[in-house]
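Under numbering that gives the first Met the number 0, think of the first position of the sequence shown as 0, with each following residue one higher. For glycine and all other residues, C-beta sits at the position ideal for the given N, C-alpha and C. Everything numeric in this text was worked out from a predicted model, so none of it was measured. First up is the structure itself, then whatever we jot down about it.
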Amino acid sequence: MKVGLIVGSLRKESYNRKVAEAVKELFPANVEAEFIDITNLPLYNTDLEGENGTPEYGRVREEVRKYDGYIFFTPEYNRSLAPALKNLIDVVSVDPNGNAWAKKPAAVFSATMGPTGAMASNLALRQAFVYVDLIPMQQPEVYLSTIQDSFDEEGNMTDRTRNFLAKAVDAFVKHAELVSRQEN
Ligand SMILES: Cc1cc2nc3c(=O)[nH]c(=O)nc-3n(C[C@H](O)[C@H](O)[C@H](O)COP(=O)(O)O)c2cc1C
0 MKVGLIVGSL RKESYNRKVA EAVKELFPAN VEAEFIDITN LPLYNTDLEG
50 ENGTPEYGRV REEVRKYDGY IFFTPEYNRS LAPALKNLID VVSVDPNGNA
100 WAKKPAAVFS ATMGPTGAMA SNLALRQAFV YVDLIPMQQP EVYLSTIQDS
150 FDEEGNMTDR TRNFLAKAVD AFVKHAELVS RQEN
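Printed below as a string of C-alpha cells:
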C-alpha cells in the first residue's frame, strides 16, 4: 500500500509538516508513505490547462494517482481549511484522465498552535471530500491543539503525541485496507 502525505501549510517551519514527518515514520513496513509536494501548485485556472499551460497540474495529477490513500495535514485559517489543500482537491478532480480521488481512503489530521485543534478546518476539509468521493476515516478524529507543546526544545515530539498519532495511523491503515477490499 502506498499512502500520500499532503501538507496544507506551505511555510518551512510548519507544525503540520513536523506532524506529517513524524507520521511518516509510524507506518508498518508494508506501507510506503511519501509526501506529495504542493508548494508550487498554481491556483486552479482553466487557462493554465493544456499544452501551453502549467506543467504542475499534470505533475501533481500523475503523482496523486500513484497512491492508494491519503492523509491530509491541515492548519486552520479563520475557522476553515487550508486553501492549498482545497486547490489540490480541485485540480485533481478535473483531471482529463479521471478523478483519481474517487473511492480512495483518506484521513485529515489537523494541528494548530491555538486551543481548538483546528477542528473547524478538519471538518471543512472532510466536507470537501464528499463530492470528489474520497472515503474519510471518521474515527479517531485527529485534532492537535497547542501543537508547539508537543515538541521539546530539540524539536523532538513528545511520547504522548507520538503514541496518539501511532494509534491514528494504525486505524488509518485498517480503514484503507477495508476500503480497498470493498472496492476490489
Ligand atoms: C490567516 C490566518 C488565520 C488563522 N486562523 C486560525 C484559526 O481560525 N484557528 C486556529 O486555530 N488558528 C488559526 N491561525 C493560526 C494557525 O493555524 C496556526 O498558527 C498553525 O500553527 C499554522 O499551521 P502551521 O504551523 O502548520 O503552519 C491562523 C493563521 C493565519 C495565518
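Quick check on this structure: which residue in the options has the alpha carbon closest to the alpha carbon of residue i?
{"i": "Pro114", "options": "Val18, Glu75, Glu48 and Gly3", "result": "Glu75"}
{"i": "Phe108", "options": "Trp100, Asp151, Leu124 and Asn51", "result": "Leu124"}
{"i": "Trp219", "options": "Ser79, Leu133 and Gly154", "result": "In the structure displayed, the chain extends from 0 to 183; residue 219 sits before or after that span and is not available."}
{"i": "Pro139", "options": "Arg159, Leu164 and Arg10", "result": "Leu164"}
{"i": "Phe71", "options": "Val22, Thr145, Asn155 and Glu152", "result": "Val22"}
{"i": "Glu31", "options": "Lys173, Glu24, Leu25 and Lys1", "result": "Lys1"}
For my contact list, residue i and residue j are in at a C-beta cut-off of 8 Å; report their separation, rounded to the angstrom.
{"i": "Val131", "j": "Ser92", "result": "5 Å"}
{"i": "Asp15", "j": "Ala127", "result": "A small correction: the amino acid at residue 15 is Asn; Asp does not occupy that position in the sequence shown. Not a contact, Cβ separation roughly 17 Å."}
{"i": "Ile37", "j": "Leu87", "result": "5 Å"}
{"i": "Glu182", "j": "Lys102", "result": "5 Å"}
Are the C-beta atoms of residue i and some chain C residue less than 7 Å apart?
{"i": "Tyr14", "result": "Looking at the structure shown, chain C is missing, and only one protein chain is on hand."}
Do you know how far the Cα of residue j is from the Cα of residue i?
{"i": "Leu42", "j": "Glu176", "result": "33 Å"}
{"i": "Phe34", "j": "Leu4", "result": "5 Å"}
{"i": "Lys11", "j": "Glu62", "result": "22 Å"}
{"i": "Asp151", "j": "Arg159", "result": "12 Å"}
{"i": "Tyr69", "j": "Ala106", "result": "7 Å"}
{"i": "Asp46", "j": "Met118", "result": "34 Å"}
Going by DSSP in three states, residue i sits in which element: helix, strand or coil?
{"i": "Ala105", "result": "strand"}
{"i": "Val141", "result": "strand"}
{"i": "Tyr66", "result": "coil"}
{"i": "Met156", "result": "strand"}
{"i": "Ala110", "result": "strand"}
{"i": "Lys124", "result": "A small fix is needed here, since residue 124 is Leu in this sequence, not Lys. Three-state DSSP puts Leu124 in a helix."}
Would the C-beta of residue i count as close to ligand 1, meaning under 6 Å from any of its heavy atoms?
{"i": "Gly113", "result": "yes"}
{"i": "Ser13", "result": "yes"}
{"i": "Ser92", "result": "no"}
{"i": "Ala117", "result": "yes"}
{"i": "Arg78", "result": "yes"}
{"i": "Ser8", "result": "yes"}
{"i": "Pro74", "result": "yes"}
Any heavy atom of ligand 2 within a distance shorter than 6 Å of the CB on residue i?
{"i": "Val6", "result": "Of the ligands one can find in the structure shown, namely ligand 1, none is ligand 2."}
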